[in-house]
Amino acid sequence: MRNLFFFVIFAFLIASPAEQMMAIEEPVPPSIKLRILETTDLHSYMMDYDYRNNQKTVEFGFARTASLIKEARKEAKNTLLFDNGDLIQGSALAELASKTYQFDQSFIHPAFKALNRLRYDGATLGNHEFNFGLDFLQTSLRGADFPYVNANIYVEDHNLHAFDDINYFNPYLILDKRFTDTMGVEQNIKVGVLGLITPIAAKWDEEHFKGKIKIKSMVSSAKHFIPIMKGKGADIIIVLAHAGLAADEGVVNKNENSVMALTEVAGIDAILYGHSHSLFPNDDYFLQQQFINIEKGTIRNTALVQAGYWGNHLGIIDLSISKVNDEWKVVDSRSEVRSIYKKSGKEKVPLVQPDEEIIDALRNDHSNTLEYIKK
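Numbering (our numbering), first residue to last: 1112 to 1486.
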């Protein structure tokens, strides 16, 4: 044993300086690849079916988006999946649910029957979630197998003080996850998820908001809660914002109520957004702005994605996370949107087939909807 010790020391001494440096070099800090998936503005178009024209379609429908989700998960070791609102209203399927929920003690909204199959990690609310009133909304949310967050909707307490305001929903959640790093080692990461909504929702559904709930500034709410989330151990922060890149017409304080404004808030690592039914990354967006990188899908170095509407696209953000000075940091990212179909001349060619698990889950609801639209 003693001879072995002297042999190791001797081998080190006769090694070249470069070899000696390699021998004492500190280990490479751990690194994680995290894929974040987004659906948004599904509007209860869960089946690949056009109820307006009473025919099958390849252009939209969550049944096909679900196939994209499953494919995207197979490509990555670590994934999270979120929905960005405007889920429970829009299609004839949703309209029928709003008319029958009070008569069904075991009611689960068809949209949640579908999304629950995909094991979502969280979601936020869109403005159309309030169209049928708070009772329908709360009844529907009870059917979700995943948490909802919103940080800027508050109980209307009928006073002018802000210090005693109470959030109507849970403002954020912190997911305590175990991800596999690039060396195959499991690492603990706390992912903070914050929800926000465009304040115009209070005006558009005033009959359901007035005297009950109110909406505050998106930027102010984010600035308030992000330090709280960091203080509770969140390593990275993801914002689910049901708002467009630009603020809605009629919104007070437009400079605080757009996704563009959120990119200037410190501490946000990724923003999943929706509402405007557009796509990001997309070459149509402000290419003249130096702080927008369309190739990577970033604005002011913050990763963003917006996945269209009715399930016609899946949003994907791939984050590279490394441990820097004993803290997890997002060091790189790339965003993309994947379509469920492509155009070939006048033809629309499906890129994925509908997921049979979703078709089976909604078979009865879809059949009932077809009977409903005949009336």
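Where a beta carbon is used, it is the ideal one built from N, C-alpha and C, also for glycine.
Keep in mind the model is a prediction, meaning the values are calculated, not measured.
Could you check whether residue j and residue i sit closer than 8 Å to each other, using their CB atoms as the reference points?
{"i": "valine 1376", "j": "lysine 1334", "result": "yes"}
{"i": "threonine 1309", "j": "histidine 1353", "result": "yes"}
{"i": "tryptophan 1421", "j": "aspartate 1152", "result": "yes"}
{"i": "methionine 1158", "j": "leucine 1473", "result": "yes"}
{"i": "leucine 1148", "j": "leucine 1425", "result": "yes"}
{"i": "leucine 1430", "j": "leucine 1383", "result": "no"}
{"i": "threonine 1235", "j": "glycine 1303", "result": "no"}
{"i": "arginine 1253", "j": "alanine 1187", "result": "no"}
{"i": "isoleucine 1324", "j": "tyrosine 1265", "result": "yes"}
{"i": "isoleucine 1520", "j": "isoleucine 1143", "result": "Summary: the structure shown does not reach residue 1520, with the chain confined to residues 1112 through 1486, and so no result is reported for it."}
{"i": "proline 1221", "j": "leucine 1248", "result": "no"}
{"i": "serine 1455", "j": "proline 1392", "result": "no"}
{"i": "isoleucine 1410", "j": "threonine 1374", "result": "yes"}
Can you tell me whether DSSP reads residue i as helix, strand or coil?
{"i": "tryptophan 1421", "result": "coil"}
{"i": "valine 1330", "result": "helix"}
{"i": "valine 1376", "result": "coil"}
{"i": "phenylalanine 1391", "result": "strand"}
{"i": "serine 1431", "result": "strand"}
{"i": "proline 1465", "result": "coil"}
{"i": "histidine 1477", "result": "helix"}
{"i": "lysine 1144", "result": "strand"}
{"i": "valine 1266", "result": "strand"}
{"i": "tyrosine 1259", "result": "strand"}
{"i": "arginine 1163", "result": "coil"}
{"i": "aspartate 1471", "result": "helix"}
{"i": "tyrosine 1283", "result": "strand"}
{"i": "lysine 1407", "result": "coil"}
Could you give the C-beta distance for residue i and residue j, rounded to a whole number, given that I count them as a contact under 8 Å?
{"i": "alanine 1418", "j": "threonine 1250", "result": "In fact, because the Cβ distance is near 27 Å, the residues do not count as touching under 8 Å."}
{"i": "leucine 1192", "j": "serine 1155", "result": "In fact, because the Cβ distance is near 18 Å, the residues do not count as touching under 8 Å."}
{"i": "serine 1332", "j": "asparagine 1281", "result": "Going by Cβ atoms, the distance from serine 1332 to asparagine 1281 rounds to 13 Å, so no, they are not a contact pair."}
{"i": "alanine 1381", "j": "isoleucine 1349", "result": "5 Å"}
{"i": "glycine 1244", "j": "glycine 1385", "result": "With 8 Å as the limit, glycine 1244 and glycine 1385 do not qualify as a contact, their Cβ atoms being about 22 Å apart."}
Using the beta-carbon count (16 or more within 10 Å), is residue i buried or exposed?
{"i": "leucine 1271", "result": "exposed"}
{"i": "methionine 1133", "result": "With a pLDDT of 49 at methionine 1133, under the threshold of 50, the predicted position of this residue should be treated as unreliable, though the coordinate-derived value follows. Methionine 1133 should be labelled exposed."}
{"i": "valine 1363", "result": "exposed"}
{"i": "methionine 1168", "result": "Reading off the sequence, residue 1168 comes out as threonine, not methionine. Threonine 1168 should be labelled buried."}
{"i": "lysine 1327", "result": "buried"}
{"i": "glycine 1342", "result": "exposed"}
{"i": "valine 1460", "result": "exposed"}
{"i": "valine 1296", "result": "exposed"}
{"i": "methionine 1294", "result": "exposed"}
{"i": "aspartate 1292", "result": "buried"}
{"i": "threonine 1211", "result": "exposed"}
{"i": "serine 1178", "result": "buried"}
{"i": "arginine 1163", "result": "exposed"}
{"i": "glutamate 1467", "result": "exposed"}
{"i": "histidine 1269", "result": "exposed"}
{"i": "phenylalanine 1402", "result": "exposed"}
{"i": "asparagine 1368", "result": "buried"}
{"i": "asparagine 1423", "result": "buried"}
{"i": "arginine 1175", "result": "buried"}
{"i": "asparagine 1189", "result": "buried"}
- Could you give the uninterrupted runs of the alpha helix (DSSP H) lying entirely in the stretch 1186–1252, keeping only those of 4 residues or more? 1203–1211, 1221–1226, 1245–1252
- Taking the runs of the alpha helix (DSSP H) that are 4 residues or longer, which of them lie wholly in the stretch 1285–1324? Those alpha helix (DSSP H) runs which fall completely within the stretch 1285–1324 and span 4+ residues are 1311–1315, 1317–1320.
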